[in-house]
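Numbering (the numbering used here), first residue to last: 24 to 249. Encoded as structure tokens, the structure appears first; notes follow it.
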Ligand SMILES: O=C(O)c1cccc(C(=O)CC[C@H]2O[C@@H](n3cnc4c(=O)[nH]cnc43)[C@H](O)[C@@H]2O)c1
């Protein structure tokens, strides 16, 4: 399988040097990720699989991953694409694009693109993800993509309530997946957990351990691919 790996930063790319895959550095955030993935796919060659990869935050729950371990996505979804709904008389809640009847894809034919099924910003991972993760002993579950890193216990709990079993928070995965979906190329996400999702404690981030786990996971995944 020909694989395109998309990472946010040059440091992440350096930690993946000499892997048998093309590595594209996209910049931080979902917009940068989607733009760079789109550009790489237009430039070609067309890969068989796109992998969004990097470090990420781990959600704390019984099925969650430890800092320093890697995990694989079952789906990639936007965590802050929608509308906050609150006021004097109602408790604040979050409305997703699905709740609002909106889609991340054009809702009519657009230049150069055929009409795609409405999508609220949730992208199923490549169909082989769960099987390969289980074979390699990697946790597999939903990965959420945000533009603003979660910085409180309440923020982490709100995301966990909205996305049961969510494993990892990152800033690029759903953007990469959206671009791959537009091109009809399967996509999944792999991250090494550098920190817990919650109050900001930058000194506790274990970036070296996360990058080591990410590289080991990617080496095994690339070997195991058909
Ligand atoms: O120090 C900060 O407050 C800070 C704010 C925004 C970004 C950063 C970065 O170091 C880049 C984050 C980079 O790594 C991924 N990442 C890692 N942990 C998390 C997380 O808990 N939540 C979301 N993203 C995370 C992300 O994909 C970026 O590419 C530092």
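Cβ atoms here follow ideal geometry from the backbone N, Cα and C, with glycine treated the same way.
- prompt: Do residue 125 and residue 147 have their CB atoms nearer than 9 Å?
  reply: no
field: Cβ-Cβ distance between residue 205 and residue 82 below 9 Å
entry: no
message: So, for residue 178: in the same chain, excluding its five sequence neighbours on each side, which residues have a beta-carbon less than 7 Å away from its beta-carbon?
response: none
field: Segment limits, beta strand (DSSP E) that includes residue 242
entry: Careful: residue 242 lies outside any beta strand (DSSP E), inside the alpha helix (DSSP H) at 230-247.
- prompt: When DSSP labels each residue in this structure, what does residue 215 get in the three-state scheme?
  reply: strand
Cut-off 8 Å between Cβ atoms - residues of its own chain near residue 210, not counting five sequence neighbours on either side: 72, 73, 74, 75, 99, 146, 148, 149, 199, 200, 203, 204
- prompt: Is the distance from the Cβ of residue 237 to the Cβ of residue 215 below 9 Å?
  reply: yes
- prompt: What residues in its chain sit with their C-beta under 7 Å from that of residue 219, if we drop five residues either side in the sequence?
  reply: 80, 81, 83, 90
- prompt: Out of curiosity, what's the CA-to-CA distance linking residue 40 and residue 105?
  reply: 37 Å
- request: Give, in chain order, every unbroken run of the alpha helix (DSSP H) that is at least 4 residues long and sits entirely within the stretch 134-196.
  value: 152-159, 176-185
query: Mapping DSSP to helix, strand and coil, what is residue 125?
result: coil
message: If you follow the beta strand (DSSP E) that residue 54 is in, where does it begin and where does it stop?
response: Not the beta strand (DSSP E): residue 54 falls in the alpha helix (DSSP H), residues 53-66.
- request: With a floor of 3 residues, list each beta strand (DSSP E) that falls wholly inside the stretch 68-96, ordered by position along the chain.
  value: 72-81
- prompt: In terms of residues, what are the limits of the alpha helix (DSSP H) holding residue 106?
  reply: Taken as a continuous stretch (DSSP letters only), residue 106 belongs to no alpha helix (DSSP H), being part of the beta strand (DSSP E) at 105-108.
- prompt: Looking at residue 167 and residue 192, is the spacing between their C-beta atoms short of 9 Å?
  reply: yes
query: Considering only residues of the same chain and omitting the five flanking positions on each side of residue 35, which have a CB-CB separation below 8 Å?
result: 48, 76, 77, 78, 234, 237
task: Kindly examine ligand 1 and report whether one of its heavy atoms sits closer than 8 Å to the Cβ of residue 217.
output: yes
- request: Determine the direct distance from the alpha carbon of residue 217 to that of residue 226, and round the result to whole angstroms.
  value: 11 Å
query: For residue 189, which residues from the same chain have a beta carbon less than 7 Å from its beta carbon, with the 5 sequence-adjacent residues on both sides left out?
result: 82, 164, 165, 167, 182, 183
query: How is the beta strand (DSSP E) around residue 45 delimited, first residue to last?
result: 45-48
field: Spatial neighbours of residue 56 in its chain, beta-carbon cut-off 6 Å, leaving aside the 5 residues before and after
entry: 49, 195, 198, 199
- prompt: Who pairs with residue 98 in a beta bridge, going by DSSP?
  reply: 147, 165
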